[in-house]
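Engineer: First the structure, then my questions, so here it is.
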Amino acid sequence: MKSGIGQFEMELQHKAQELVSVLDGGDLAHAMEIIQDLHEFRHQVFFTEVGHLTRGLHEAIKAFSNELGSSLQVDDEEDDNADADAADRLNYVIEVTEKNAHETMDRVDNALSLVDRLDSQSERFTDLLSLVGQLEKEHDGLNGVYDRTCAVKEESEQTIKTLRAELTDIVVSQSYQDITGQLIRRVITLVTNVESHLIGLMEMAAKVEKLSGIESAPASDQEQENKKVEVQAEGPQVKKNSPDVVSNQDEVDDLLSSLGF
Amino acid sequence: MNKDMKILVVDDFSTMRRIIKNLLKDLGMTNVTEADDGQTALPILKQGGIDFLVTDWNMPGMTGIDLLKEVRSDPNLASMPVLMVTAEAKKEQIIAAAQAGVNGYVVKPFTAAVLKEKIDKIFERLG
């Protein structure tokens, strides 16, 4: 099966030959008609082709989001609005990671309160130890027990301190949820934008006969948006080695100190 | 540094608000209020009583940089110490925050030690 462009090439050759023979015959009026036909045909073919591509993309996004939906099993509802669907799924990822991050932090909070209890037990231990210290003088068999027990107590206090730091690090590492969530939100915006532009394109392609030319396509407001002067939020940087992006806190500090901070 | 000072933590992600709150608690600061963007934060600030503002940049409604500008332009709030904790890592963004009058800038993801160090530094400078 020939594609739209392939058909156009065949038609073009056919019309060109016709044009030559008409011109040879001296029928200028007919020749102008053929040129006009060619002109219109070109627009129609291009619009139809764009329409096909657009529809294909739209179907692909719909299929993708349906697939995503069935694998996630969020709801059973069949949703025609593919872009809302895809955005819903991505929002669901943010919700799930947020819920899980909070659950992790709940557990860490519980663990930290157990660490607090260990700390208070250690204080009580100190009282008991001072008793052993007194008894040691009266009983030869207890000789050295006080010092050795003190060493064990210190060791255990050090372990508690390390444990507390590890638990705090678990809390801090939950920040992945914020970082990934911000990126997902940007993807949601992108998908929504692409989809709405696609629908615009499809509508335009459908109205091909009414349109006078390709140049009447709506001017890209994206370009204007890019010309923004103000420094705006961009979300987490994925390409960390770009020269205009800092890759760690040290670079932030260097930059700020170069500004007199 | 006064451990009883009232701190406002502004971030649209509840996960991050909780992390920062937890770390502040480790530093002995438990008097923490939360807001999820600049728009909800500003009335809380204007009400008075907040001593220290910790804010994200990228938030719906009002961003952290706009909140910072609002704070600096309000005579009652202008001198408030502001720490920005954000994933925004472009040099021009850090410069813009510095020009808007931020007191400290921490990029996400960060460690407990970095947050502590920056907070200590801000209050060391303020004396």
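In order, the protein sequences belong to chains A and B. In terms of my numbering, the first sequence opens at residue 87 and continues consecutively. In terms of my numbering, the second sequence opens at residue 2 and continues consecutively. Even glycine gets a Cβ: it sits at the ideal position worked out from N, Cα and C.
(1) Look up A/TYR178 in the DSSP assignment and give the residues it is bridged to.
(2) Can you tell me the Cα-Cα spacing of B/MET17 and B/PRO110, whole angstroms?
(3) So, is the C-beta of A/VAL182 closer than 7 Å to a C-beta in chain B?
(4) Look up B/MET131 in the DSSP assignment and say whether it is helix, strand or coil.
(5) Return the CA-CA distance between A/SER333 and B/LYS119, expressed in angstroms with no decimal places.
(6) Taking all protein chains shown into account, do 16 or more other C-beta atoms lie within 10 angstroms of the C-beta of B/ASN77, making it buried, or fewer, making it exposed?
(7) How long is the line joining the alpha carbons of A/GLY137 and A/LYS101, rounded to whole angstroms?
(8) Please name the residue in B/ASP27, B/ASP52, B/TRP58, B/ASP38 whose C-alpha comes closest to that of B/VAL86.
(9) When you compare the CB of A/SER344 with every CB in chain B, is at least one pair closer than 7 Å?
(10) Please report how far the alpha carbon of A/LEU204 lies from the alpha carbon of A/LYS325, in whole angstroms.
(11) Once you ignore the five residues that flank A/ARG128 on each side, which residues in its own chain have a CB closer than 8 Å to its CB?
(12) Below 7 Å CB to CB, which residues in the same chain sit around A/GLN220 once its five sequence neighbours on both sides are set aside?
(13) For B/ASP5, count neighbouring C-beta atoms within 10 Å of its own C-beta (all shown protein chains included) and say buried if the count is 16 or more, exposed if not.
(14) Please report whether the beta-carbon of B/ALA101 lies at a distance below 7 Å from any beta-carbon of chain A.
(15) What does A/GLY321 reach in chain B if we use C-beta pairs closer than 7 Å?
(16) Between the segment 247-260 of chain A and the segment 196-203 of chain A, do at least 3 Cβ pairs fall closer than 8 Å?
(17) Out of B/ARG126, B/PHE124, B/ALA114, B/ILE96, which one is the CA nearest neighbour of A/ASP340?
(18) If contact means a Cβ-Cβ distance below 9 Å, which residues of the segment 254-266 of chain A contact chain B?
(19) Relative to the C-alpha of B/VAL10, which residue among B/ASN3, B/PRO61, B/LEU28, B/ILE51 is closest?
(20) Starting from B/LEU9, trace the beta strand (DSSP E) in both directions and tell me its first and last residue.
(21) State the CB to CB distance for the pair A/GLU126 and B/GLU89, rounded to an integer number of angstroms; the pair is presumed to be in contact (CB under 8 Å).
(22) From what residue to what residue does the alpha helix (DSSP H) around A/VAL338 run?
(23) Smallest Cα separation from B/VAL108: which of A/SER107, A/LEU342, A/GLN335?
(24) Using 8 Å for Cβ pairs, my map puts A/ALA172 next to A/VAL258. What's the rounded Cβ distance?
(25) Can you check whether the C-beta of B/THR64 is within less than 7 Å of a C-beta belonging to chain A?
(26) Is it right to say B/GLY128 is buried, meaning 16 or more other beta carbons lie within 10 angstroms of its own, or is it exposed?
(27) Counting pairs of beta carbons, one from the segment 240-248 of chain A and one from the segment 173-193 of chain A, are three or more of them closer than 8 Å?
(28) Would you give the residue range spanned by the beta strand (DSSP E) that B/THR87 belongs to?
(29) Any idea what DSSP makes of B/VAL55, helix, strand or coil?
(30) Between A/ALA115, A/LEU105, A/THR140, A/SER242, which lies nearest to A/LEU287 when the distance is taken from Cα to Cα?
(31) Between the segment 110-125 of chain B and chain A, which residues of the former have CB atoms less than 7 Å from a CB of the latter, in chain order?
(32) By how many angstroms is the C-alpha of B/GLY29 removed from the C-alpha of A/SER216?
(33) What span of residues does the alpha helix (DSSP H) with A/VAL317 cover, start to end?
(34) Taking just the CA atoms, how far does B/THR31 sit from B/MET81?
(35) Under 7 Å Cβ-Cβ, which residues of chain B neighbour A/GLN268?
(36) When you compare the CB positions of B/GLU71 and B/LEU116, do they come within less than 7 Å of one another, or not?
Structural biologist: The relevant details are as follows:
(1) Looking at the DSSP assignment, A/TYR178 forms no beta bridge with any residue, so it has no partner.
(2) In a straight line, the C-alpha of B/MET17 is about 10 Å away from that of B/PRO110.
(3) Answer no: the Cβ-Cβ gap between A/VAL182 and chain B never drops below 7 Å.
(4) Because chain B spans 2 through 128 in this model, residue 131 of chain B falls outside it and cannot be assessed.
(5) The alpha-carbon atoms of A/SER333 and B/LYS119 are separated by roughly 18 Å.
(6) It counts as exposed.
(7) Our two residues, A/GLY137 and A/LYS101, have alpha carbons roughly 24 Å apart in a direct line.
(8) Cα-wise, what sits closest to B/VAL86 is B/TRP58.
(9) False, the Cβ-Cβ gap to chain B never drops below 7 Å.
(10) In this model, A/LEU204 and A/LYS325 are separated by some 44 Å (Cα to Cα).
(11) Here the set comprises PHE94.
(12) Nothing meets the Cβ criterion.
(13) Exposure of B/ASP5 is indicated by the presence of fewer than 16 other C-beta atoms within 10 angstroms of its C-beta.
(14) For B/ALA101, the answer is no, since every Cβ of chain A falls outside 7 Å of its Cβ.
(15) Taking the beta carbon of A/GLY321 as reference, the chain B residues within 7 Å of it are ASN59, ALA88, listed in sequence order.
(16) Cβ pair count under 8 Å is three or more, so yes.
(17) Nearest Cα to A/ASP340 within the set B/ARG126, B/PHE124, B/ALA114, B/ILE96: B/ILE96.
(18) Taking 9 Å as the Cβ-Cβ cut-off against chain B, the residues of the segment 254-266 of chain A that qualify are THR254, ASP255, VAL257, VAL258, SER259, GLN260, SER261, TYR262, GLN263, ASP264, ILE265.
(19) The residue from B/ASN3, B/PRO61, B/LEU28, B/ILE51 with its alpha-carbon nearest to that of B/VAL10 is B/ILE51.
(20) Per DSSP, B/LEU9 is one residue of the beta strand (DSSP E) stretching across 8-11.
(21) At roughly 51 Å, the Cβ-Cβ gap does not stay under 8 Å, so A/GLU126 and B/GLU89 are not in contact.
(22) Note, A/VAL338: alpha helix (DSSP H), 335-344.
(23) If we check each option's Cα against that of B/VAL108, A/GLN335 comes out closest.
(24) The C-beta distance from A/ALA172 to A/VAL258 rounds to 32 Å, too long to meet the 8 Å contact threshold.
(25) So, interface residue.
(26) Exposed: under 16 other Cβ atoms inside 10 Å.
(27) The segment 240-248 of chain A is not in contact with the segment 173-193 of chain A.
(28) Note, B/THR87: beta strand (DSSP E), 83-87.
(29) The three-state reading of DSSP puts B/VAL55 in strand, counting E and B together.
(30) Residue A/THR140 holds the alpha-carbon nearest to the alpha-carbon of A/LEU287 among A/ALA115, A/LEU105, A/THR140, A/SER242.
(31) Residues PRO110, PHE111, THR112, ALA113, VAL115.
(32) Each residue's alpha carbon lies about 30 Å from the other.
(33) For A/VAL317, there is no enclosing alpha helix (DSSP H), as DSSP marks it with neither H nor E.
(34) Spanning the alpha carbons of B/MET81 and B/THR31 requires a straight line of approximately 19 Å.
(35) Those within 7 Å of A/GLN268 in chain B are ASN59, ALA88.
(36) No; because the gap between Cβ atoms is not below 7 Å, this pair is not in contact.
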